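Engineer: The opening position of the sequence shown corresponds to residue 1 in the numbering used here, with each subsequent residue numbered one higher.
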Amino acid sequence: MIILKQGNLLEDDAEALVNTVNCVGVMGKGIALQFKQAYPEMFSEYEKAYRRGELQPGKMHVFIRDSFFPPKYIINFPTKRHWKNKSRIEDIELGLADLVKVIEKLGIRSIAIPPLGCGNGGLDWEEVRRKIEAVFESLPNIEVYLYEPAESPAPDQVMIRTNPPKMTRARALLLMLMNDYSIPGYKLSLLEVQKLAYFLQAVGEPLKLRFEKSKYGPYAENLNHVLIRLDGHFIRGFGDRSREAEIYLMPSAVQKAEQYLQGDSEAYGRLRKVRDIIQGFETPYGLELLSTVHWVVKENTNIQDDIQLIVEKVHSWNERKRRIFKKEHIQKAWWHLKEIGMLEK
């Protein structure tokens with residue numbers, strides 16, 4: 001029996017929940033990231049399965065929970081071969097056949113299934129739904145809760161059951177910067193957090209972030225891994241990366257950061273330096289402008305005193321920057337960075 005549903009699949013009381021995964025050991029976005037945050041022990045086993053070469057299209061990876069409460073089973077259903085790729089309908093068909101075998105073998109009586117391969121996977125929901133319905137015609141006594149495509153939970157409503165991460169100097173500094181930058185009730189965008197981290201690293205803090213030239217300026221994908229670990233413990237609102245992040249600090253975050261940094265004069269010196277850098281530029285536009293100008297000069301040190309060439313480099317970054325960043329704003333950002341010594345070779 002198939003029952004169409006909407007809402008948050010992770011809140012379903014079914015005996016088994018199906019998670020959509022890739023075959024390369026990564027749960028970095030969407031429902032897979034939600035499962036990773038809610039069931040970290042499952043993700044650990046999934047990673048091990050990847051290292052053993054056990055993840056492949058058409059083959060379920062089953063995690064059995066040691067819990068009195070549902071779900072008893074989490075079934076990782078490969079809908080992508082690599083997270084960068086789109087889903088293939090033939091992989092869904094192979095997977096459904098194996099899913100039926102798993103259900104019969106384990107004696108599962110109820111199961112919740114997401115829209116396999118739809119959304120980020122790019123498959124057509126109507127086609128996928130028909131294939132799921134056809135497969136489960138042979139299992140009329142199984143309660144199948146089939147979740148239709150829908151928007152992800154709000155970023156601060158994603159279920160998180162990971163163990164609290166240890167406070168480190170890098171995490172404490174980032175939390176302190178976020179606190180300094182924001183005002184009560186303000187939620188930071190991912191762009192703003194990225195740029196705060198960029199300048200923290202630029203003043204000498206060894207964050208090990210790999211910044212690259214991206215649409216909105218310097219961007220470090222591995223910063224997202226940091227934010228995923230902090231989410232639900234020191235920050236809230238990063239979410240599953242399917243919706244815009246709305247990040248704010250948890251009540252005890254600043255106190256714990258201050259306790260960790262107590263007596264660390266070098267750390268507080270770097271905080272003051274970043275505060276000086278961003279002063280007067282405390283908006284998403286301002287931080288993007290400032291970090292873009294800094295990146296351009298640092299990547300082209302021979303033009304650091306030629307504002308015309310700097311303007312040309314910023315405008316050639318992409319069409320968006322050419323359109324929104326006025327010459328006088330670029331010049332103001334360049335002069336500010338130069339004045340506080342951030343453009344010295």
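Every residue gets a Cβ at the ideal spot worked out from N, C-alpha and C, and that includes glycine.
Computed from a predicted structure; not experimentally measured.
Could you tell me the boundaries of the alpha helix (DSSP H) in which Val-102 lies?
Structural biologist: Run containing Val-102: 89 to 106, per the alpha helix (DSSP H) assignment.
Engineer: Measure the alpha-carbon distance for Leu-191 versus Arg-243 and round it to whole angstroms.
Structural biologist: One C-alpha to the other measures close to 13 Å.
Engineer: With burial defined as no fewer than 16 other Cβ atoms inside 10 Å of the residue's Cβ, what is the status of Trp-335: buried or exposed?
Structural biologist: By the 10 Å Cβ count, Trp-335 comes out exposed.
Engineer: Apart from the five residues just before and just after Gly-246, which ones in its own chain have a Cβ nearer than 6 Å to its Cβ?
Structural biologist: With the sequence shown as reference, residue 246 is identified as Glu, and Gly is not the correct amino acid for it. Here the set comprises Pro-155, Lys-187 and Gly-237.
Engineer: Helix, strand or coil, according to DSSP, for Ser-182 in the structure here?
Structural biologist: Coil at Ser-182, not helix or strand.
Engineer: Would you give the residue range spanned by the beta strand (DSSP E) that Ser-110 belongs to?
Structural biologist: Start and end: 110 to 113.
Engineer: Under 9 Å, do Ala-253 and Ile-235 count as touching if we go by C-beta distance?
Structural biologist: Yes. Within cutoff.
Engineer: So what's Tyr-216 in DSSP terms, helix, strand or just coil?
Structural biologist: It is coil, neither helix nor strand.
Engineer: For Leu-271, report the span of its beta strand (DSSP E) as first-last.
Structural biologist: Looking at the DSSP string, Leu-271 is not in any beta strand (DSSP E); the run it does join, the alpha helix (DSSP H), is 265 to 278.
Engineer: Please state whether the Cβ-Cβ distance between Ile-160 and Gly-204 is less than 9 Å.
Structural biologist: Going by C-beta atoms, Ile-160 is not nearer than 9 Å to Gly-204.
Engineer: Going by CA-CA distance only, name the one from Thr-20, Asn-22 and Trp-295 that's closest to Tyr-216.
Structural biologist: Measuring from the Cα of Tyr-216, the nearest candidate turns out to be Trp-295.
Engineer: Would you identify the three-state DSSP class for Ala-134, choosing helix, strand or coil?
Structural biologist: It is helical.
Engineer: Shortest alpha-carbon distance to Tyr-219 belongs to which of Ala-197, Gly-239 and Val-226?
Structural biologist: The candidate whose alpha carbon is nearest that of Tyr-219 is Ala-197.
Engineer: How many angstroms separate the CA atom of Leu-106 from the CA atom of Leu-223?
Structural biologist: When rounded, the distance between both Cα atoms is 40 Å.
Engineer: Taking the beta carbon of Met-1 as the centre, do at least 16 other beta carbons fall within 10 Å, making it buried, or is it exposed?
Structural biologist: By the neighbour-count rule (16 or more Cβ atoms within 10 Å), Met-1 is not buried but exposed.
Engineer: Between the stretch 118 to 128 and the stretch 89 to 96, are three or more C-beta pairs nearer than 8 Å?
Structural biologist: In short, these stretches touch, since the Cβ pair count reaches three.
Engineer: Measuring only the C-alpha atoms, how far is Leu-261 from Ala-267?
Structural biologist: Taking the straight line joining both Cα atoms gives about 7 Å.
Engineer: In three-state DSSP terms, what is Asn-120?
Structural biologist: Here Asn-120 sits in helix by DSSP.
Engineer: Can you tell me the Cα-Cα spacing of Ala-289 and Arg-210, whole angstroms?
Structural biologist: The residue you asked about is not Ala; residue 289 is Leu in the sequence shown. Their Cα atoms are separated by approximately 19 Å.
Engineer: Is the CB-CB distance between Lys-195 and Leu-287 below 9 Å?
Structural biologist: Yes; because the gap between Cβ atoms is below 9 Å, this pair is in contact.
Engineer: Taking only three categories from DSSP, how would you classify Glu-221?
Structural biologist: Residue state, collapsed to three classes: helix.
Engineer: Looking at C-alpha atoms only, which residue of Leu-230, Ser-67 and Leu-173 is the closest neighbour of Asn-163?
Structural biologist: Of the candidates Leu-230, Ser-67 and Leu-173, the one whose C-alpha sits nearest the C-alpha of Asn-163 is Leu-230.
Engineer: Give the C-beta separation of Pro-78 and Pro-57 to the nearest angstrom, bearing in mind that I take them to be a contact with Cβ-Cβ under 8 Å.
Structural biologist: Confirmed, Cβ separation roughly 5 Å.
Engineer: Check whether the stretch 16 to 30 and the stretch 49 to 66 touch, using three or more Cβ-Cβ pairs below 8 Å as the test.
Structural biologist: A contact exists between the stretch 16 to 30 and the stretch 49 to 66.
Engineer: Closer than 6 Å by C-beta to Ala-257: which residues in its own chain qualify, once you throw out the five before and the five after it? Chain order, please.
Structural biologist: Only Ala-172, Leu-175 and Met-176 meet the Cβ criterion.
Engineer: Can you tell which of His-315, Ala-333, Lys-326 and Gln-304 has its C-alpha closest to the C-alpha of Glu-344?
Structural biologist: When only C-alpha atoms are compared, the closest one is Gln-304.
Engineer: The alpha helix (DSSP H) that contains Tyr-39, what's its start and end?
Structural biologist: Where Tyr-39 is concerned, there is no enclosing alpha helix (DSSP H), given that its DSSP letter is neither H nor E.
Engineer: Given a threshold of 16 other Cβ atoms within 10 Å of its Cβ, counted over all protein chains shown, does Gly-95 qualify as buried or as exposed?
Structural biologist: Per the 10 Å Cβ criterion, buried.
Engineer: If I'm right that Phe-43 touches Met-27 with Cβ under 8 Å, what's the distance once you round it to whole angstroms?
Structural biologist: Yes, they are in contact, since the Cβ atoms of Phe-43 and Met-27 sit about 6 Å apart, within 8 Å.
Engineer: How about Gly-117 and Lys-166: do their beta carbons lie closer than 9 Å?
Structural biologist: No. Outside cutoff.
Engineer: With Thr-354 as the anchor, note down where its alpha helix (DSSP H) starts and where it stops.
Structural biologist: Here the chain comprises residues numbered 1 to 345, so residue 354 is not present and cannot be evaluated.
Engineer: Let me check understanding here. Comparing Cα to Cα, which of Ile-310, Ile-340 and Gly-341 lies closest to Glu-328?
Structural biologist: Looking at the Cα atoms, Ile-310 is the closest of the given residues.
Engineer: Name, in chain order, the residues that DSSP records as bridge partners for Phe-63.
Structural biologist: In the DSSP output, where bridge partners are listed per residue, Phe-63 has Ile-74.
Engineer: Taking DSSP as the reference, what is the three-state secondary structure of Ile-247?
Structural biologist: In this structure, Ile-247 counts as strand in the three-state DSSP scheme.
Engineer: Rounded to whole angstroms, what's the CA-CA distance from Lys-321 to Lys-298? Just pull it up for me.
Structural biologist: C-alpha separation (whole angstroms): 18 Å.
Engineer: At the level of alpha carbons, what is the spacing between Leu-110 and Ile-228?
Structural biologist: What sits at residue 110 in the sequence shown is Ser, not Leu. Approximately 31 Å, taken between the alpha carbons.
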